[in-house]
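First up is the structure itself, then whatever we jot down about it.
Residue numbers (this note's numbering), protein chains in the order written: chain A, 153 to 265; chain B, 253 to 367.
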């Protein structure tokens, strides 16, 4: 079955430290890949997406993600975390390129001062 | 654009009552999604429409739930009768075609509490 795995339920980092959130998916072809962020009490907002081309994609708020076909991964990174980045992050995968995404369970990021 | 609009933002009702959640997608978007989010089950896709037609309703939990999209600018999610286990945040999202295909724009959600 098609699935999206975010192995880390909760991550804590210090402000200014680097961040990497993991996302793995099950499937053979190259799907469409997304990262969303959800601040408390808010809906989800798109950070970045990958459809094709350069496997390193840049998003909003200084985030980037790298698609690695061999590992079926699309990890999210940020070189220096700000306190305002504390939120829940969701990886989403459109396996059939038809506009419907499967979401991971999310990773909650806590930022220590 | 005002973004995806959902109403009400909060709803408190008693078990057995009918609940109707409303969504206005972003103008020009042709896909609309209803999600439910709880601590226990995370984010679940309930149903999605394309060009006002329901495409996949496999996530609708049971017959008490129904969704309609009578036109491109309005959708409802109805629960009748409601039960305490329906308490959750319900999100509506819409998605365009073209260069932003696949990207979903979420509304602020409706927090439903069934007593």
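C-beta: ideal position from N, C-alpha, C; glycine also. The structure presented is a predicted model; accordingly, all values stated were derived computationally and were not measured.
Item to complete: Can you give me the Cβ contacts of residue 261 (chain B) inside the same chain, cut-off strictly under 8 Å, excluding the 5 residues immediately before and after it?
Response: Excluding sequence neighbours, residue 261 (chain B) sits near 360, 361, 362, 363.
Worksheet entry | Contact set between residue 347 (chain B) and chain A, taken where Cβ atoms lie within less than 7 Å | 251
Item to complete: Flag this pair as yes or no: are the beta carbons of residue 284 (chain B) and residue 318 (chain B) separated by less than 8 Å?
Response: no
Item to complete: Consult DSSP for residue 214 (chain A) and reduce its assignment to one of helix, strand or coil.
Response: helix
Worksheet item: Interface residues of chain A around residue 355 (chain B) at Cβ under 8 Å?
Response: 186, 198, 201
Practice prompt. Assign residue 166 (chain A) to one of two classes, buried (16 or more other C-beta atoms within 10 Å of its C-beta) or exposed (fewer than that).
Written response: Around the beta carbon of residue 166 (chain A), a 10 Å sphere encloses fewer than 16 other beta carbons of the protein chains shown; the residue is thus reported as exposed.
Discussion item. Residues of chain A with CB closer than 7 Å to the CB of residue 343 (chain B), please, in chain order.
Written reply: 195
Discussion item. Are there any heavy atoms of the ligand SAM lying less than 7 Å away from the beta-carbon of residue 254 (chain B), as far as the coordinates show?
Written reply: This structure lacks the ligand SAM, and indeed carries no ligand of any kind.
Item to complete: Could you tell me the distance, in whole angstroms, from the CA atom of residue 169 (chain A) to the CA atom of residue 191 (chain A)?
Response: 20 Å
Worksheet item: What residues in the region 234-248 of chain A have a beta carbon less than 9 Å from any beta carbon of chain B?
Response: 242, 244, 246
Fill in: Residue nearest to residue 234 (chain A) in terms of C-alpha spacing, selected from A:174, A:249, A:265
Ranked by Cα distance from residue 234 (chain A), the first of A:174, A:249, A:265 is A:265.
Practice prompt. Could you pull out every unbroken beta strand (DSSP E) segment of at least 3 residues lying fully inside the region 283-357 of chain B, listed in chain order?
Written response: 283-290, 294-302, 305-308, 317-323, 326-331, 340-347
Discussion item. Rounded to whole angstroms, what is the Cα-Cα separation between residue 330 (chain B) and residue 311 (chain B)?
Written reply: Just so you know, the alpha carbons of residue 330 (chain B) and residue 311 (chain B) end up roughly 14 Å apart.
Worksheet item: Since residue 369 (chain B) meets chain A, which of its residues come closer than 9 Å, beta carbon to beta carbon?
Response: Residue 369 (chain B) falls outside the range modelled here, since chain B spans only 253 to 367, and no answer is possible.
Item to complete: Provide the residue span of the beta strand (DSSP E) that contains residue 189 (chain A), from first to last.
Response: For residue 189 (chain A), the enclosing beta strand (DSSP E) stretches over residues 184-190.
Worksheet item: Using a Cβ-Cβ distance under 8 Å, would residue 284 (chain B) count as near chain A?
Response: Proximity of residue 284 (chain B) to chain A, defined by a Cβ-Cβ separation below 8 Å, is not satisfied.
Worksheet item: So with Cβ pairs under 8 Å, would you call residue 211 (chain A) a contact of chain B?
Response: no
Worksheet item: So, are the CB atoms of residue 184 (chain A) and residue 155 (chain A) less than 8 Å apart?
Response: In this structure, residue 155 (chain A) does not lie closer than 8 Å to residue 184 (chain A) by Cβ.
Practice prompt. May I ask which residues mark the beginning and end of the beta strand (DSSP E) holding residue 365 (chain B)?
Written response: Segment 362-366, the beta strand (DSSP E) holding residue 365 (chain B).
Worksheet item: residue 258 (chain A) CB to nearest chain B CB: under 8 Å?
Response: yes
Worksheet item: Hey, residue 255 (chain A) and residue 273 (chain B): beta-carbon distance below 8 Å or not?
Response: no
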